[in-house]
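*Asks:* Going by our numbering, the first residue of the sequence shown is number 766, and it counts up by one from there.
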Amino acid sequence: MRMNHALSLRPAAPADAPLLAAMHAASWQATYRSLLPADYLEREVGAERAAYWRARMEAPGGERRLVLIAQLDDGTPVGFVCVERQPGSPWGVLLDNLHALPGHQGMGVGKRLMQAAQDWARAQGEAQLYLYVLDGNTPAIAFYERQGWTYSGSEPDRMGGVDITALRYVYRLDAV
């Protein structure tokens, strides 16, 4: 499936927190149906993501973070990425969020956002990125593995009131 519109990336501003929250919630609602409680996804995730993004976009340390919004040439937002340097992390730079909205997956949005995150991390002098993906999120796991990410461990976590397992993947940046 190919995109009919040109895709551009723009830096997110604090005023974009509601948009980021809406995209994040929509992505989780579509992706985590079989992994998280329906009640949480239907009733709580929107408000939770709104509070999260409002706080995150206003938090100090913005120089350690890059948040980009992918949009079509008509201005329609179709995804976003958030990558953040983690001082002292043995894993490198955290690719904390990578979301292509339902209906826009398989069109190169995720690849374009991931490439921007890799370019930014490389420009920061970093050698590696890492991310966490929910165990059971097989489409995302397959996507990351196709892009060259490798599994490096798992950690217990809690999300939506249930215990989950977060799988850690790493991506080694090659010098360009």
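Idealized CB from N, CA, C, for every residue including glycine.
For E823, does the three-state DSSP call read helix, strand or coil?
*Replies:* helix
*Asks:* Which residue or residues does DSSP assign as beta-bridge partners of E920?
*Replies:* In the DSSP output, where bridge partners are listed per residue, E920 has A931.
*Asks:* Quick one: what does DSSP say G844 is sitting in, helix, strand or coil?
*Replies:* strand
*Asks:* Just the Cα atoms here: how many angstroms apart are A931 and G840?
*Replies:* A931 and G840: Cα-Cα distance of roughly 33 Å.
*Asks:* Among M788, Q851 and D804, which has the Cα closest to the Cα of Q889?
*Replies:* Q851
*Asks:* I think P842 touches L800, with their Cβ atoms under 8 Å apart; what is that distance to the nearest whole Å?
*Replies:* No, P842 and L800 are not in contact; Cβ-Cβ is about 24 Å, not under 8 Å.
*Asks:* Whole-angstrom Cβ separation of R798 and L806, contact assumed at under 8 Å?
*Replies:* At roughly 7 Å, the Cβ-Cβ gap stays under 8 Å, so R798 and L806 are in contact.
*Asks:* Who are the near neighbours of A881 in its chain, counting only those whose CB is closer than 7 Å to its CB and skipping five residues on each side?
*Replies:* L774, L833 and V846
*Asks:* Just to confirm my understanding: we take G857, look at its own chain, exclude 5 residues before and 5 after, and list those with CB closer than 6 Å. What are they?
*Replies:* Taken in chain order, the residues that qualify are E891, Q893, L894 and Y895.
*Asks:* With distances taken Cα to Cα, identify the nearest neighbour of L837 among R911, L772 and G868.
*Replies:* L772
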